[in-house]
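J.: Here it is, the structure in full.
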Amino acid sequence: MQLTRDLVRLRSINPPGDEAACSNLLAGILEAGGFRVSKRDLSPGRTNIVARLDGSSDVKPLCMTGHLDTVPLGTAPWQHDPLSAERDGDKIYGRGTSDMKSGVAAMVCAALSIAGIPRRKAGLVLAVTAGEETHYVRHGHGA
1018 MQLTRDLVRL RSINPPGDEA ACSNLLAGIL EAGGFRVSKR DLSPGRTNIV
1068 ARLDGSSDVK PLCMTGHLDT VPLGTAPWQH DPLSAERDGD KIYGRGTSDM
1118 KSGVAAMVCA ALSIAGIPRR KAGLVLAVTA GEETHYVRHG HGA
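What follows is the structure in structure tokens.
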């Protein structure tokens, strides 16, 4: 739950995206968990990551994928600050909690659990992308 809250607090509204902070947070967590992480920018500030963990055989790896951008906040008033990740009981409120920062957090937690399995045959690949909500790509800083 804490990783979801950490991701929701990082602004990644598309346009313009700005998913780099989310990507960097996840990359650090996955690297500490034994994954090889590569980063590739869709455009400045819009970082995709691919995290790989080898298996012990030629079995094809399991692949999980998700995105870090969110839709704009809209004009309707929010009951809770959309970037606060406020918790009320077992619910978290904020932009991206259901689409799809909680899903990405769950995948990362599952991946870290899988990494701890001794003698696993299949490897694992996580592909976490910057842009999904729109096709917006910045061409240069501040564009």
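First residue of the sequence shown? That's 1018 in the numbering used here, and the numbers climb one at a time after it.
Idealized CB from N, CA, C, for every residue including glycine.
This one's a predicted model, so the numbers in the text were calculated from it and none came from an experiment.
Going along the chain, which residues of its own chain have a beta-carbon closer than 7 Å to the beta-carbon of His1158, five neighbours each way excluded?
T.: The predicted model places His1158 with a pLDDT of 46, which falls under 50 and marks its position as unreliable, so this point remains unresolved.
J.: Could you spell out the range, first to last residue, of the beta strand (DSSP E) harbouring Ala1144?
T.: 1141 to 1146
J.: Please report how far the alpha carbon of Met1018 lies from the alpha carbon of Ala1122, in whole angstroms.
T.: If you take the alpha carbons of Met1018 and Ala1122, they lie about 8 Å apart.
J.: With DSSP collapsed to three states, give me the class of Thr1114.
T.: coil
J.: Are the segment 1120 to 1135 and the segment 1048 to 1060 touching, with three or more C-beta to C-beta distances below 8 Å?
T.: yes
J.: Tell me which same chain residues have a C-beta within less than 7 Å of the C-beta of Leu1059, skipping the five on either side of it?
T.: Asn1065, Ala1147, Gly1148, Val1154
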